[in-house]
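The opening residue of the sequence shown carries number 8 in my numbering; numbering runs sequentially from there. Just so it is clear, CB atoms sit at the ideal spot from N, CA and C, and this is done for glycine as well. Here is the structure we will look at, set down as structure tokens.
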Amino acid sequence: MKPYDLPDAAGHFGPFGGVFVSETLMHALAQLREAYDECRRDPEFIAEFEYELEHFVGRPSPVYHAKRWSDRLGGAQIYFKREDLNHTGAHKVNNTIGQAMVARRMGKPRVIAETGAGQHGVATATVAARYGMKCVVYMGSTDVERQAQNVYRMRLLGAEVVPVESGSRTLKDALNEAMRDWVTNVDDTFYIIGTVAGPHPYPMMVRDFQSVIGRECLTQMPEMTGRQPDVVVACVGGGSNAIGIFHPYIDHESVALVGVEAGGEGIETGRHAASLSAGVPGVLHGNRTYLLQNADGQIIETHSVSAGLDYPGVGPEHAWLKDCGRASYVTVDDEQALAAFHDCCRIEGIIPALESSHALAHAAAIAPTMARDAIILVNLSGRGDKDMHTVAARAGLSF
Ligand SMILES: *Cc1c(COP(=O)(O)O)cnc(C)c1O
């Protein structure tokens, strides 16, 4: 088989990806492609990126055998890739460091980002402080209210948080506003996208930065277990933590790759965030992919107990992996994710992010159907401290 080598030069993953932006951004994207192409081949850039991952992020993150939970389920052995132990508590910083380094290389002193739950905003504000860059984060005003703690974090880190009052005042409106800022200030500004979406080269660049997750697993799993896992499971919002762990495994054909989307209140209710499982191909955020839209082509509001999975599209590489059959995609609803969240807390002593809990729920569902010596590797994309209010409210508590 031909080794996996996508996207093509125009950023296509089969019929997905590409560049769908206004003409005013074409030049900026061409510049970015050129700059990133230099960076990815430059041993000095790679060495500095690795240094930052080791000393600022705390990599490599460990792999952990969830032995008590595996025993209780009575089937496959479940392992966690501990991205929750990274600085700032999730995988997102792997990517924001990489992009901030590209921005510096391009001589751009100002970075912008859009954020929904606020996690990407915090990861961007963190690296902007680290490198002494000006940082502006766009956030729907509804989200600003819902995510007060992350807004305060960003401000502590020196970022300016701009509440967006248009539309539904959530992520998709913040996205439009960030694009508008970029068009206006493209000379001194770098747009840091938080997942494997956006126009080419973003899906490829973000994947490359996040692939450190799967590369570490490729050596850690044989060290721990003597072989590679049978199944790799990750949650999918935009898809960056999932691509990060999937990508180095794509050429290992015996390893099944399973992405878990947010089923929210149930696919049949229409209140979910499952773009791959229940969406249709279309154009969003500068690329062609699966997305959630109504008959008039309007983007539909998404719903999930985990704010970080609330993205109405999905990275184009996942759209391709789904259509060509190399990865499969399933859904886990709010209740199932919450149940896995509580099990993980009590049985393993780890409070996982609600996003990651979707992946854990699927692993817990399939483990009993597999042999005891089978191995499931779950990407534990982040820690759950940020989700205390949501979980407590679900249990009828407040604090
Ligand atoms: C943001 C986030 C996600 C979803 O984003 P992806 O790009 O799909 O990885 C998942 N888990 C955590 C902990 C997050 O913060």
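Check                                                                                       : Outcome
Cutoff 7 Å; reference A281; Cβ partners in own chain excluding five residues on either side : E268, A269, G270, I274, T338
S68: CB within 7 Å of a non-hydrogen atom of ligand 1                                       : no
Three-way DSSP call (helix, strand, coil) for H94 in this model                             : helix
Contact the segment 237-248 vs the segment 366-383: 3+ CB pairs below 8 Å                   : yes
Three-state class that DSSP yields for A347 in the structure shown                          : helix
Cα-Cα separation between E45 and G114, rounded to whole angstroms                           : 14 Å
Of the listed residues T196, Q235, H254, nearest to V219 (C-alpha basis)                    : H254
Where N386 falls: helix, strand or coil (DSSP)                                              : strand
Distance cut 7 Å, beta-carbon to ligand 3 heavy atom: residue list by chain order           : For ligand 3, the structure offers nothing, since it holds only ligand 1.
Buried or exposed (CB count within 10 angstroms, at least 16 for buried), V168              : buried
Cβ-Cβ distance between S311 and H279 below 8 Å                                              : yes
Whole-angstrom C-beta distance between G18 and H207, which should lie under 8 Å             : 2 Å
Secondary structure of G128, DSSP reduced to three states                                   : helix
Coarse secondary structure for K141, derived from DSSP in three states                      : strand
E308 versus R176, P14, V158, residue with shortest Cα-Cα distance                           : R176
DSSP three-state assignment for I53, whether helix, strand or coil                          : helix
C-beta contact flag for V144 and A124 at 8 Å                                                : no
R157 vs G128 beta-carbon contact at 8 Å                                                     : According to the sequence as given, residue 157 is Asn; it is not Arg. In this structure, G128 lies closer than 8 Å to N157 by Cβ.
Check whether K141 and R117 have beta carbons under 8 Å apart                               : yes
Contact the segment 291-310 vs the segment 24-34: 3+ CB pairs below 8 Å                     : yes
Proximity below 8 Å, CB of L164 to CB of A136                                               : yes
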